[in-house]
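Trainee:
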Amino acid sequence: MQNSPTRRSVTAGLALGALAVPALHARSAKAQAKSVKIAMIAPLSGPWARQGQLLRQGADMAVEEFNSQGGIKSLGGAKLEIIYGDAGDNTEKAKNAAQRLLSDHPDLVGGSGAWLSSFTLAVTEVTERAQVPWLTLSYSDAITNRGFKFVFQTSPTADWQAAETLPTALKLAEHATGKRPKTIGVIQDNTASPVSFGKYLREGGGLEKVGLKASVDQIFTPPLSDATPLVDKVRSAKPDFLLLLTSAMPDCKLVLEKLDEFKLAKGKMPLVGNGAPFGSPELLNTIGPELLEGLLFSVANWPLKGQEEFIERFKKRTGEPFATQDALCGYGDVAILKEALEAAGAADKLKVAEAIRHMNLTTGPAAQFFPGPIKFDEKGRRQDVPMIFAQWQKGVPLTVFPEDRALAKPFWPSV
Amino acid sequence: MRTRAEANRQRWAILAFALAVLVLSFVLLKSAYYQLVLTQVLLWAVLSLAWNILCGYSGYFSFGHAGFWGLGAYTVALGMMYFDLSPWISIPFCALVGAAAGAIIGYPTFRLRGHYFALAMLAYPLATLYVFQWLGYQELTLPMKREAPLLYMQFEDPRGYVVLALGLLVIALLISLKVENSRFGMSLLAIKQNEPAAEAAGINTWRLKMLALMLSGALAAVAGGLYAVILLVVTPETVFGMLVSAQALILALFGGVGSLWGPVIGAIVLVPLAEGLNAELGDVLPGIQGVVYGVAIIAIILLAPEGVYWRVLDRFSKRAPAAEPPPRLAAPASNIAPLPRAPASSGADLLVLRDIGISFGGLRALDGIDLTLPEGGLYGIIGPNGAGKTTLFNVINGFLASDRGAITFAGEPITGLRPNQVCRRGIGRTFQVVRAFPRMSVLENVIVGAFIGAATEAVARDMALAALDRVGLVDQAEKTAGGLTTRELRLMELARALVPHPRLMLLDETLAGLGHDDLGGILGVIRQLRAEGITVLIIEHTMHAMVQLVDHFTVLDHGRLIATGRPQDVVRDPRVIEAYLGKKWSDRVAVPAK
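Each protein sequence line maps, in turn, to chains A and B. Numbering of the first sequence is given in my numbering, commencing with residue 136 and proceeding in unit increments. Numbering of the second sequence is given in my numbering, commencing with residue 1240 and proceeding in unit increments.
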C-alpha cells in the first residue's frame, strides 16, 4: 500500500469528524512537481473488492517499476502518479468516483477501470465528456458501441468471445482426441455476461455454425440452492462436453461438486467455461485442485509465455499463488498509458488519446501483457486478438492456447 | 391540519430552500463532482418524500419503493433506446407508470396491515428485478446524443441537472404540503393513528390508501426517471435493489417521518456523508464507509428516535414560553347554521335486524338476533361479558360481516356495507375503548368525522366546533387528544360521531370507567341527543345507570337475545337475573314474584 502520511491523517480526521461534518473534500494536492497523473477506478469495497484489489496490485507494481526505471523518458523522466477511485458496489458510486477524480484532478492524462461492465459504462460516460482516454478490461460490447472516442477496450468483447470460444474449444478437442464433439450441454446463470453469451449461442446461430446440438440447456437465477436438477439432466443426456457460464463462485462450486457426486467430474465430462473467475485462486481454495483438473476456460487475458519473470515478481510481491487477468490488465493498462505518454511526448490527455489511437505495439512491456498486438480500431476495440484458453493442470490454471504464447500443452479429458 | 398562515410560512420556506440550493450550485460550488452529489441529494430527497406521503402520513410502511423508482428509470431508458423518446416526454409519463404500478400493487396488498404490508411491499421490486433480468435488460445505457443534447436532457453543464432535480423536489414539497393541509392528509393521519376509528368516522380508508400509494408511486417513478438520465446506465440491481428502498426509508426515518422537511434533512445529511466516506475511505480501508454510515444512523436513532426534525422541533418548542394560553376559540355563534333537526320521532322502524348470526370458528357469537328499533328512542343493550354486545355493533356498522341475516336502516338494506358507507347512511358509533387519534388536537379529532358532510375545510371546522359545543368540550378544542381525561375522551368521541348528523348513534360502553361525578355530564349529553330526535342504542354493563336512562332494554347472553322490554320488567326477568347472577339468584327472585 502506498498511502502518504498526509492521506492517513486526513482519513483519521475524517473518521472522527464524519458524524458532524460530511467532509467531501480534504485532499491536499501535494503532487510532486514533475509527475504525470493517471487514474484507476475499481471496486475496492463491496462484493467485487477482491478483483479491484488485484487490478490495483498490478497497477501499483507497474507504476513503481516504471518509475524506478526512470519514468517517462520523453518527458524528461517524469514520474507516473496513479490515483485510485473506489467504484464500490453500484453504478452510482462508480460514476461519482469518476466525477470526483476528474474534478479533483483536472490534469489527469488517462485512466483505467472499472472492472464490472455496468460500472465501466457509467464511468466512461463521465470520462468521455471530459475527453480523458480510458482503458478497460470489461467485456461488454455496449462499452464500445456508443460511438465514444476516448474509450479503449483492451479485452476482446463479449460477443466476440462468445463467437470464438466454441470453435477454439472444438479445435482443441479434435486435436487431442481426433474426434469432433457433436453435442454440448449448457448450464448458465441469468446475469449480464452469461445472458449475452447464451444469446449468441441460441439466437445468434453460435451452435449451428459449429455443428453442435445442445442436449442440455439450463438457465438458472443465482444463487443456486441445489445443482441436482441441473446436473441430473447432464447425467441423463450425456453431452460430449459441458459449457459452464456461471459468474458467482458458490454456484460454480455447487455444480462442480454435484458433477463429482454423479461421477462426472475429474475428466469424465469435459468442462469449458468463460471468464476470469474460472481461474481465480478462490476457486482453487474452495473447490480444490482435483475437481478443477482439466477445466478449460476462455478468457481475455492470462499469464503468457514471455511473462515468466513478471509472474515470479508478482507472486513474490503479493503472495498470490499465480497471476490472473485482473493483475495482468492492471499492469498492462498502466503500460499502455506509459507507452502512449512516451509517444505523445506531452502530458496532455488529447495527445495521449491520439497516441493510443495510432498505437501498434508488438514488443515492449505493453505488448508483453496482452496477447496479440496493441492496436485499436475506430471503435476503440483491439484488433487481431487471439482468444486465450487456460486449463487447470495440477492446481494451476495455465494458458494452453494460442500455442505460440502457451505455458503448457492442453489436454482434452477423455470421455 | 395547519392553519393557512402556517402553510404560507412553509411555502416561503420552500422558496428560500430552493434559492439556497441555487446559490449553492451557481455561486459556491465550482466542481462538477459536487454538482453531481448535490443533484443526487435532491433526487434522493424526492424519493424519500414520495415514500413519506404514503408511509409517513398513513403509517403503512413500504420496503418496496425501489419498485417505482426502477420502473421510472426503465421507462426512460427503454423509451430512449427503443423509441428515441426524449426524457422531456418520458419523465412526465413516468408519473402515469408509477401511479398505475401503485394501483396494481395496492389492490392486493392493502388487504394486509402493519408488518405484513411492509414485507409484502418488499417483494415487488425484488420480483420486478428478476423480470427485467429475464427480459434481457441487464445493462441499459442511454445513448449519447451529440446532435441535439438539450432535446434529450443531456446538459454540458451539470447545473442543468441540479435545476431539474431541484424543480422536482420543489414540486414534491408542494405536493406534500398540499397533502398535509388537506382533508386527504388529515384522513391519512387518522388512518395512521387508528384505522378502524377513521373508517367508522366515515373515511373511505381503502380509497385514500390507494390514492396515497398511487401519488407516492408516481413521484418516486418520476424521480427514478430523472435518476436514469443522470446516471445514464440502468441495471436492475441499481434501480430495483434493496438499497434503493432502504435509502428512501432511512432518509425519512433519519430526518423525521411524517414531516415535510424530514426527508429533505435526511438526504442533505446522509447522502453527502455516505459519498464523502466513500470517497475518502473507500480506497484506503475498503468497506469502512459502510460501518461508519451504519454507526451514524444508529447514533441518530438512539439520540433522536423520531428523527432529527421532530427532535429539533421538540427542543425548540420546549424553550418557547410554555404558559402561552391557547388561542380562544370563538364559540360557534350565529355564523353557524343551526343544526338541521333530525326528523321528529316518527316512531317508524329505523333499524331492523333479522336473524343475524355470526360465528368465530366453533363459537356462535351471535345467533338468530331479531331486533327492531323504532326511530326516536333510547335503547339499551345489556348482557354479561362475552354476550355478543360489541359484536352486534360491529356487525351493524360493518366491521364484521354476518354469516346470515339482514339489516335494514331507514328502509334500506345495509348488510355488507363497509363501515364508512354505513356511517354515511347516518349511523355513528363510539367504541368500548376510546379510539382517539392521540397526536391530533381535539378539534382535529372531530373534524375527521366532518369530512363526510362538509364541502370545504372551513365548513368541516365549523361543524366540528358545533359538535364540540354540543358535548360541552369546546374549551378543550386545541388540546392534544393524548392529554384528555377519560370523560373528555368519551365526549370527544361522541362529538366525532355526532358531526355528520347521524340518525342513529351506537354507543359502546360510553359510561364505562367513569366516576359518579363524570357520569352525570355524559348522561345529560345522551339525554339531550334523544331530545334532539337522534335514536340512541347504548351498550352498558352497569344496570343501575341504564335503568334510569333508557326506554327499552334488550338483553343478550351467549349470542342470543334472551329478553326485551321496559327496563323495570326486564330486570325482573328470571332469565336475565340468571344470566347476570346465576341460577341461585334467579330462583330467589322468582319466589316473591309469585
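Yeah, the Cβ is synthetic: ideal placement off N, Cα and C, and Gly gets one too. Just so it is clear, the structure is predicted and the values come from calculations on it, not from any experiment.
Can you tell me whether B:M1702 is helix, strand or coil according to DSSP?
Mentor: Three-state result, B:M1702: helix.
Trainee: Give me, in chain order, the residues of the same chain whose beta-carbon lies closer than 8 Å to that of B:R1663; leave out the 5 immediate sequence neighbours on both sides.
Mentor: Here the set comprises G1441, I1691 and P1739.
Trainee: So, is A:S209 buried or exposed, given that buried needs 16 or more other C-beta atoms within 10 angstroms?
Mentor: That one is exposed.
Trainee: Can you check DSSP and say which residues form a bridge with B:T1719?
Mentor: Note: B:T1719 sits in a beta bridge opposite B:S1680.
Trainee: With distance defined between alpha-carbon atoms, name the residue in A:G346, A:L256 and A:L236 nearest to A:N225.
Mentor: Ranking the options by Cα distance to A:N225, first place goes to A:L256.
Trainee: Can you tell me whether A:F546 is helix, strand or coil according to DSSP?
Mentor: It is coil, neither helix nor strand.
Trainee: Beta carbon of B:A1518, beta carbon of A:A194: below 9 Å?
Mentor: Their beta carbons are not under 9 Å apart, which means B:A1518 does not touch A:A194 by this criterion.
Trainee: In this structure, does DSSP put B:W1445 in helix, strand or coil?
Mentor: The answer is helix: DSSP assigns B:W1445 an H, G or I state.
Trainee: Return the chain-ordered list of same chain residues with a C-beta closer than 7 Å to the C-beta of A:L394, the five sequence neighbours on each side being excluded.
Mentor: Excluding positions up to five away in sequence, the list reads V366, A400 and M404.
Trainee: From A:L272 to A:A482, what distance separates their C-alpha atoms?
Mentor: Whole-angstrom Cα-Cα distance: 23 Å.
Trainee: Can you tell me the Cα-Cα spacing of A:V286 and B:R1398, whole angstroms?
Mentor: Going from the Cα of A:V286 to the Cα of B:R1398 covers about 25 Å.
Trainee: At the 9 Å Cβ level, is B:Y1273 part of the contact set with chain A, yes or no?
Mentor: Chain A, which has a Cβ nearer than 9 Å to the Cβ of B:Y1273, makes this yes.
Trainee: For B:A1720 and B:H1755, I'd like the C-alpha separation in whole angstroms.
Mentor: Cα-Cα distance, rounded: 23 Å.
Trainee: Would you mind sorting A:V535 into buried or exposed? The rule is 16 or more other CB atoms within 10 Å of its CB.
Mentor: By the neighbour-count rule (16 or more Cβ atoms within 10 Å), A:V535 is buried.
Trainee: What residues from the segment 316-347 of chain A come within 9 Å of chain B, judged by C-beta to C-beta, listed N to C?
Mentor: Residues N325, T326, A327, S328, V330, S331 and K334.
Trainee: For the beta strand (DSSP E) that contains A:N579, what are its first and last residues?
Mentor: In this structure chain A extends from 136 to 550, so residue 579 of chain A is not present and cannot be described.
Trainee: Should B:Q1372 and A:T381 be called a contact, given that it needs their Cβ atoms to be closer than 9 Å?
Mentor: No, these two residues do not count as a Cβ contact at 9 Å.
Trainee: With a Cβ-Cβ cutoff of 9 Å, do B:K1384 and B:Y1376 count as a contact?
Mentor: Result no, Cβ atoms of B:K1384 and B:Y1376 do not sit closer than 9 Å.
Trainee: Looking at chain A, is there any beta carbon in it that lies within less than 9 Å of the beta carbon of B:G1505?
Mentor: False, the Cβ-Cβ gap to chain A never drops below 9 Å.
Trainee: Counting Cβ pairs, one atom from each stretch, are 3 or more of them under 8 Å apart for the segment 1484-1497 of chain B and the segment 1330-1341 of chain B?
Mentor: Contact between the segment 1484-1497 of chain B and the segment 1330-1341 of chain B is absent, because fewer than three Cβ pairs lie under 8 Å.
Trainee: B:S1270 CB to nearest chain A CB: under 9 Å?
Mentor: Yes, B:S1270 lies at the interface with chain A (some Cβ there is under 9 Å from its Cβ).
Trainee: Inspect the CB distances between the segment 1781-1796 of chain B and the segment 1634-1643 of chain B and report whether three or more fall short of 8 Å.
Mentor: Too few Cβ pairs lie closer than 8 Å, so no.
Trainee: Spatial neighbours of A:R370 within its chain, please: CB distance less than 7 Å, with the 5 preceding and 5 following residues excluded, ordered by chain position.
Mentor: Taken in chain order, the residues that qualify are F397 and L399.
Trainee: Kindly confirm or deny that the segment 347-355 of chain A and the segment 314-329 of chain A touch, where touching means at least three C-beta pairs closer than 8 Å.
Mentor: Output reads yes: the segment 314-329 of chain A touches the segment 347-355 of chain A.
Trainee: Sort A:A327, A:K334, A:I322 and A:L342 by Cα distance to A:D352 and report the nearest one.
Mentor: Comparing Cα-Cα distances from A:D352 to each of A:A327, A:K334, A:I322 and A:L342, the minimum goes to A:I322.
Trainee: Taking just the CA atoms, how far does A:F254 sit from B:W1308?
Mentor: Using only the alpha carbons, I get a separation of about 20 Å.
Trainee: So with CB distances below 7 Å, who are the chain A contacts of B:P1373?
Mentor: Pro is not the amino acid found at residue 1373 of chain B; the sequence shown has Trp there. Here the neighbours are N325.
Trainee: At 8 Å on the CB atoms, spell out the chain A contacts of B:M1383, in chain order.
Mentor: Under the 8 Å cutoff, chain A gives E260, E263, R281, G282 and F283.
Trainee: Take the Cβ of B:L1254 as the centre, count every other Cβ of all protein chains shown within 10 Å, and call the residue buried at 16 or more, exposed below.
Mentor: Looking at its Cβ environment, which holds fewer than 16 other Cβ atoms inside 10 Å, B:L1254 is exposed.
Trainee: Alpha carbon to alpha carbon, how far is B:T1278 from A:A543? Give it in angstroms, no decimals.
Mentor: One C-alpha to the other measures close to 53 Å.
Trainee: Step through the CB atoms of chain A and report whether any lies within less than 9 Å of the CB of B:V1472.
Mentor: B:V1472 counts as touching chain A.
Trainee: Report the three-state DSSP secondary structure of A:I207 (helix, strand or coil).
Mentor: Strand.
Trainee: Can you check whether the C-beta of B:Q1295 is within less than 9 Å of a C-beta belonging to chain A?
Mentor: The question names Gln, but residue 1295 of chain B in the sequence shown is Gly. No, B:G1295 does not count as interfacial toward chain A.
Trainee: Thinking B:I1539 and B:F1599 are a contact (beta carbons under 8 Å), I'd like their distance in whole angstroms, please.
Mentor: Not quite, the Cβ-Cβ distance comes to about 44 Å (not below 8 Å), so this is no contact.
Trainee: Hey, would you say A:L439 sits closer than 9 Å to A:I523, going by beta carbons?
Mentor: Against a cut-off of 9 Å, the Cβ pair of A:I523 and A:L439 comes out as a contact.
Trainee: With 16 other CB atoms within 10 Å as the buried threshold, where does B:L1631 fall?
Mentor: Under this definition B:L1631 is a buried residue.
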